[in-house]
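Written below as structure tokens is the structure these notes are about.
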Amino acid sequence: MSLLPLRSRIPSGLKLLDWFLRGWTALVFIFLYVPIAVLAIYSFNSSRLNIVWENFTLHWYARLWADGPLIQAAKNSLLIAGVSTFISVVFGTVGAWLLHRYRFSLARSIQTLVAIPMVMPEILMGISLLILFATAGVSLGFTTVIIGHVTFCFPFVLVAVQARLQGLDPALEEAALDLGATPLQAFWYVIVPCLRPAIVAGALMAFTLSMDELIVTFFIRSAAATTLPIQVFGLARVGLNPMLNALSAIFIVATVAFVLFSNYLNKLSRR
Amino acid sequence: MKTLQTMLLALTVLWATVALPAAGEVNLFGWSEYVPQEVLDGFTKETGIKVNFESYASNEEMLSKLVAGGGAYDVVQPSDYTAEVMVRRGMLAPLNFALLPNRKNIAPDLLDLPHDPAGKFTVPYMTGTVGIVVNTEKVKTPITGYRDVFQPQFKDRLVVLNDNRELVTWVLYSLGLTSSDVSAASLAKVRPILAAWVKLVKVFDSDSPKTALLNGDVDIGIVWSGEAAILWNENKKFKYVLPVDGAHLFVDTLCIPALAKNKAAAHQLINYILRPEVSKLISDKFPYTNPNLAARQLLTADQLANPASYPASGKLETFRDIGKAAAEIDKLVTDLKSAQ
Amino acid sequence: MLAAPIPPPLTLGDRRRPGWRAWALITPMVAWLLLFVIVPTAILFVYSFCERDEVGGVIFHFTWENYQRVLDPVYLLIFARSVGYAGLTTIICVIVGYPVAYYIARATEERRNRLLLLVMVPFWTSFLIRTYAWITILKQEGLLNGLLQSMHVTTGPLSLLYTPTAVVIGLVYAYLPFMILPIYGSAEKLDNALIEAAYDLGAGPLRAFSAVIVPLTMPGIAAGTLLVFVPAIGMFAITDLMGGAKVPMIGNVIQNQFLQARDWPFGAALGVVFMLMFAVTYGILQSRLARPKS
């Protein structure tokens with residue numbers, strides 16, 4: 025009998041927590057998107073210097089369309105971030121799993137080594153990698169930039185996946201092995217699906233880091249492998265004009281639209 | 119899996135669009151946004167030589183990349199003191215004047231400066247000064263020199279370049295010394311003055327000091343003349359003042375690295391840029407001082423009237439490389455800023 | 073605070089000895105680390121014992137001098153300040169980010185990835201453009217001041233930009249996703265039934281949350297702390313733009329040695345000490361955490 029009043033108390037307490045979480049998340053999303061809204065609005069500003077609001081214009085979108093180098097830099101950035109993320113995810117996931125599953129004699133040193141690129145100041149990494157490439161006679165270009173990016177991106181994937189692996193039921197893999205799966209099959213069909221949330225999180229972080237990196241890239245790129253941050257940073261000298269806001273706005277709106285639209289598609293296909 | 123396939127496909131397509139053909143090429147390592155795209159396009163159209171443009175945002179970045187062994191460039195664009203370092207380190211090739219007939223357009227006094235006597239290695243691209251810009255709507259007291267700027271009444275109303283050498287130089291000028299006078303004795307004199315000055319500054323920014331002025335967060339700045347010229351174009355309330363105590367004249371140059379592979383094309387490109395009508399295009403985009411006298415005649419009265427681009431003559435001095443003292447200056451300024 | 077930035081400890085529950093296959097699989101990663109982390113670090117290590125010549129070149133002549141200079145109180149103070157900012161940023165990120173990560177983790181499966189993507193998308197613009205957007209908001213005649221005044225909260229404009237507050241806002245904004253994502257990664261597997269079980273045992277909602285949920289997501293919090301705290305120590309671009317570059321951070325000091333001062337050996341020495349301090353702390357924390365469990 026005493027269960028009844030208790031039961032009726034539970035939902036209200038849970039609901040309270042739920043409301044709190046929902047409200048908090050909404051506030052944080054506002055915090056995250058306020059600057060984005062501001063930069064999107066300013067992409068329609070006629071003032072060249074992007075500081076004081078003047079008039080509404082679509083001029084910058086037209087200018088953006090005609091700006092070959094900027095578009096090329098954006099393409100390069102997407103390419104470099106895409107490839108770097110892919111390699112980082114493979115390295116990070118496989119590395120985290122192996123370090124978790126097997127007792128390597130140097131596990132702790134490897135673990136520390138993985139973390140070094142996170143702490144290494146960008147300029148040190150840029151210059152020392154350049155010295156390395158120059159000494160080895162590797163000519164600079166997309167390959168060297170991707171190597172650099174993978175080096176500082178994959179630790180983020182690895183750490184995220186490791187956090188997920190902790191507390192993973194070891195019986196999972198054993199069950200798969202008992203059922204006759206090879207270790208590789210067990211990893212691919214059982215472990216990876218389990219790790220997916222962390223892999224997605226890690227991939228998103230790696231992609232973001234790569235898209236936004238400036239200093240390491242500066243040292244190890246060639247003229248052809250110009251990335252967006254380098255182009256943007258150069259523009260700051262003459263005044264960041266709203267063309268860059270327009271580029272950011274297009275990119276973000278496209279991604280957000282993709283996110284919402286694919287949601288809608290999913291719903292349709294489920295009907 | 120579908121998404122993964124789509125992504126990989128997208129990557130392959132992107133990869134295909136960035137692969138470049140290689141033919142008659144010249145590699146230019148220059149300041150970002152300093153060489154207008156139409157200049158490069160015009161050169162390619164006329165000569166058929168493709169220009170691979172790689173940009174940097176500061177002399178120091180460029181030098182570090184070259185020193186660490188990066189890139190094979192045919193033309194670089196250092197400022198005076200950096201060019202001097204490069205000459206002293208044997209990193210530059212002497213210019214062949216016979217291939218640069220348009221060099222005659224350059225103001226003669228700029229072809230014989232201490233960083234490169236007789237202009238053997240460098241030819242000026244653009245020049246400018248470091249001076250004071252005042253928002254005359256907010257500041258009514260007359261400002262003529264550094265000491266007028268660093269007054270307690272202007273505390274938290276100042277933006278200055280985030281450059282340690284510049285900061286120290288301003289104090290040296292206000293003491294009647296030169297920018298190369300960086301002996302321990304001089305720096306000891308600089309220290310207490312700079313300590314007081316640093317406390318008054320609200321923003322240190324070398325990349326875009328105009329932002330803080332335009333935003334109204336500060337009222338006085340010590341900035342590159344190009345920044346001041348943009349401000350003046352935006353609003354005439356921003357007045358440019360060359361400090362009476364002395365001002366830094368910088369000369370951005372064009373030169374050819376000793377390791378350049380295509381020196382002939384490099385000379386061609388430099389000579390092309392020195393044409394009056396080409397040099398004018400640079401002035402149209404960047405309101406620095408054009409050293410090309412023939413190009414100056416093509417400028418509009420408006421351009422020439424901009425006091426930041428073409429100031430009345432003042433006491434100007436170019437920077438020399440100061441060797442190991444650069445480390446001392448770095449330590450001094452870091453120390454003072456940190457002690458706030 | 074110090075106990076947090078550690079990797080998920082190496083629990084030795086049911087781990088196998090690696091066979092040749094495991095070694096073969098981990099070799100590419102180890103080789104990568106050797107080539108692109110150890111070798112560059114070794115280059116820096118060599119440089120850190122060299123001397124700077126008159127024109128900013130490096131002379132290969134052994135000296136301890138650079139390390140003596142690193143111990144100057146000026147640099148130690150700057151290092152401490154950088155750690156302070158990074159620590160504060162991390163704490164705020166945990167507090168702000170945790171509920172978000174938890175909320176996303178409990179959303180329906182199809183919403184989860186979308187929300188996650190939406191957390192990250194703002195950061196696919198250039199850093200500089202984002203920061204300038206913040207400057208537009210925080211400046212003297214900016215949007216926030218306008219809003220506050222029109223609502224009669226304040227009478228005059230507040231000085232928001234170029235203050236430590238602005239720096240912290242900028243840092244939290246930049247690093248928040250790197251806290252939310254790893255926590256999400258470890259919270260996603262939690263069962264709703266756990267919270268209900270805690271209720272059944274008589275815990276209030278907050279208590280159930282802090283006593284049951286938070287400990288279970290500790291690996292995620294530790295990972296997030298690592299991913300935020302460590303990169304934040306070396307961060308200086310945000311500090312410069314939002315704080316007006318008034319006080320130097322350790323990242324500024326190191327960068328300046330390579331650029332403005334052209335003193336590569338000293339810059340290398342600063343970097344080596346910085347990385348060593350990190351590696352030692354990290355190693356100690358790792359073994360401390362692994363020991364009681366084994």
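Top line first, the protein sequences correspond to chains D, P and Y.
All residue numbers for the first sequence refer to this note's numbering, where the first residue is 25 and numbers rise by one.
All residue numbers for the second sequence refer to this note's numbering, where the first residue is 119 and numbers rise by one.
All residue numbers for the third sequence refer to this note's numbering, where the first residue is 73 and numbers rise by one.
Using N, Cα and C, we set each Cβ at its ideal position, and we do this for glycine too.
All of these numbers come straight from a predicted model, not from anything done at the bench.
Contact list for residue i against chain D, beta-carbon separation under 7 Å
{"i": "Thr329(P)", "result": "Ile75"}
{"i": "Glu179(P)", "result": "Phe242"}
{"i": "Ile348(P)", "result": "Gly263"}
{"i": "Tyr174(Y)", "result": "Leu45"}
{"i": "Gly188(P)", "result": "Leu154, Ala158, Leu164 and Phe243"}
Whole-angstrom distance between residue j and residue i, CA atom to CA atom
{"i": "Leu295(P)", "j": "Val251(P)", "result": "23 Å"}
{"i": "Thr200(P)", "j": "Val62(D)", "result": "39 Å"}
{"i": "Leu259(D)", "j": "Ser176(P)", "result": "13 Å"}
{"i": "Leu219(Y)", "j": "Gly292(Y)", "result": "37 Å"}
{"i": "Gly355(Y)", "j": "Val109(Y)", "result": "17 Å"}
{"i": "Asn170(P)", "j": "Pro405(P)", "result": "25 Å"}
{"i": "Ile95(D)", "j": "Gln458(P)", "result": "44 Å"}
{"i": "Tyr170(Y)", "j": "Gly156(Y)", "result": "21 Å"}
{"i": "Ile170(D)", "j": "Ala216(P)", "result": "43 Å"}
{"i": "Leu74(Y)", "j": "Ala294(Y)", "result": "For Leu74(Y), the predicted model reports a pLDDT of 35, less than 50, meaning its position is unreliable; a value from the coordinates is still stated below. Their backbone Cα atoms lie some 10 Å apart in a straight line."}
{"i": "Gly37(D)", "j": "Ala280(Y)", "result": "10 Å"}
{"i": "Ala430(P)", "j": "Ser150(P)", "result": "28 Å"}
{"i": "Ile167(Y)", "j": "Leu181(P)", "result": "44 Å"}
{"i": "Asp439(P)", "j": "Ser298(P)", "result": "8 Å"}
{"i": "Leu116(Y)", "j": "Ser101(D)", "result": "28 Å"}
{"i": "Ile338(P)", "j": "Val118(Y)", "result": "45 Å"}
{"i": "Val362(P)", "j": "Thr165(P)", "result": "46 Å"}
{"i": "Leu201(D)", "j": "Val214(D)", "result": "10 Å"}
{"i": "Glu78(D)", "j": "Ser234(D)", "result": "34 Å"}
{"i": "Leu262(Y)", "j": "Ser282(Y)", "result": "14 Å"}
{"i": "Phe134(Y)", "j": "Gly161(D)", "result": "27 Å"}
{"i": "Leu150(D)", "j": "Ile176(Y)", "result": "The sequence as given places Gly at residue 150(D); Leu does not occur at that position. Near 36 Å, if we compare the C-alpha coordinates of Ile176(Y) and Gly150(D)."}
{"i": "Pro253(D)", "j": "Trp89(D)", "result": "18 Å"}
{"i": "Ala76(Y)", "j": "Thr297(Y)", "result": "With a pLDDT of only 40 at Ala76(Y), under 50, the local geometry of the prediction cannot be trusted, and no value is derived from it."}
{"i": "Ala351(Y)", "j": "Leu123(D)", "result": "18 Å"}
{"i": "Val325(Y)", "j": "Leu342(Y)", "result": "9 Å"}
{"i": "Gly274(Y)", "j": "Leu357(Y)", "result": "36 Å"}
Member of the options whose CA lies at the smallest distance from the CA of residue i
{"i": "Gly165(D)", "options": "Gly258(D), Ile223(D), Leu259(D) and Ile244(D)", "result": "Ile244(D)"}
{"i": "Thr291(P)", "options": "Leu332(P), Val248(P) and Ile374(P)", "result": "Residue 291(P) is actually Tyr in this sequence, not Thr. Considering only alpha carbons, the answer is Val248(P)."}
{"i": "Leu422(P)", "options": "Leu434(P), Asp281(P), Lys433(P) and Pro409(P)", "result": "Pro409(P)"}
{"i": "Met229(D)", "options": "Ala270(D), Thr49(D), Phe176(D) and Leu219(D)", "result": "Phe176(D)"}
{"i": "Pro221(D)", "options": "Ala103(Y), Glu182(Y), Asn328(Y) and Gly228(Y)", "result": "Glu182(Y)"}
{"i": "Phe239(P)", "options": "Cys373(P), Lys354(P) and Leu318(P)", "result": "Cys373(P)"}
{"i": "Ile400(P)", "options": "Val336(P), Leu158(P), Gly142(P) and Val144(P)", "result": "Leu158(P)"}
{"i": "Thr162(Y)", "options": "Ala103(Y), Phe121(Y) and Pro249(Y)", "result": "Pro249(Y)"}
{"i": "Asp312(Y)", "options": "Leu299(Y), Phe121(Y) and Tyr204(Y)", "result": "Tyr204(Y)"}
{"i": "Arg334(Y)", "options": "Leu450(P), Gly142(P) and Ala443(P)", "result": "Ala443(P)"}
{"i": "Phe368(P)", "options": "Ala346(P), Phe147(P) and Tyr243(P)", "result": "Tyr243(P)"}
{"i": "Val193(Y)", "options": "Leu238(D), Val240(D) and Pro59(D)", "result": "Pro59(D)"}
{"i": "His83(D)", "options": "Leu271(D), Leu219(D), Val240(D) and Leu41(D)", "result": "Leu271(D)"}
Partner residues on chain D for residue i, Cβ-Cβ distance less than 8 Å
{"i": "Ser109(P)", "result": "Since the first residue of chain P shown is 119 and the last is 458, residue 109(P) is not available in this structure."}
{"i": "Lys183(P)", "result": "Leu154, Phe242 and Phe243"}
{"i": "Ser456(P)", "result": "Correct list: empty, because the minimum Cβ distance to chain D is about 18 Å."}
Contact set between residue i and chain P, taken where Cβ atoms lie within less than 9 Å
{"i": "Asn185(Y)", "result": "Under the 9 Å cutoff, chain P gives no residues; its nearest Cβ is about 10 Å from Asn185(Y)."}
Contact list for residue i against chain P, beta-carbon separation under 7 Å
{"i": "Asp263(Y)", "result": "Neighbours of Asp263(Y) on chain P: none; closest Cβ ~28 Å, over 7 Å."}
{"i": "Phe285(D)", "result": "Correct list: empty, because the minimum Cβ distance to chain P is about 14 Å."}
- Residue ranges of each alpha helix (DSSP H) run of no fewer than 4 residues wholly in the region 137-219 of chain D, ordered along the chain? 146-160, 166-189 and 194-202
Q | Three CB pairs or more closer than 8 Å across the region 267-276 of chain P and the region 347-358 of chain P | A | no
*asked:* If we require 4 or more residues per run, which alpha helix (DSSP H) segments fall completely within the region 379-435 of chain P?
replied: 381-391, 394-403, 411-414 and 419-423
Are the region 116-126 of chain D and the region 90-98 of chain Y in contact at 8 Å, needing three or more beta carbon pairs? yes
Practice item. Pair every Cβ in the region 137-153 of chain D with every Cβ in the region 204-214 of chain D, then say whether three or more of these pairs are closer than 8 Å. Key: no
(message) Extract the residue ranges of the alpha helix (DSSP H) inside the region 159-247 of chain Y, only unbroken runs of 4 or more that lie entirely within it.
(response) 181-192, 199-210 and 215-222
Quiz item: Is the region 321-340 of chain P touching the region 217-230 of chain P, taking contact as three or more C-beta pairs under 8 Å?
Solution: no
Original post:
Enumerated in chain order, which unbroken segments of the alpha helix (DSSP H) with a length of 4 residues or greater are wholly contained in the region 258-314 of chain Y?
Top reply: 264-272, 277-280 and 290-306
(message) Contact between the region 370-384 of chain P and the region 191-209 of chain P is defined here as three or more beta-carbon pairs at a separation below 8 Å; is this criterion met?
(response) yes
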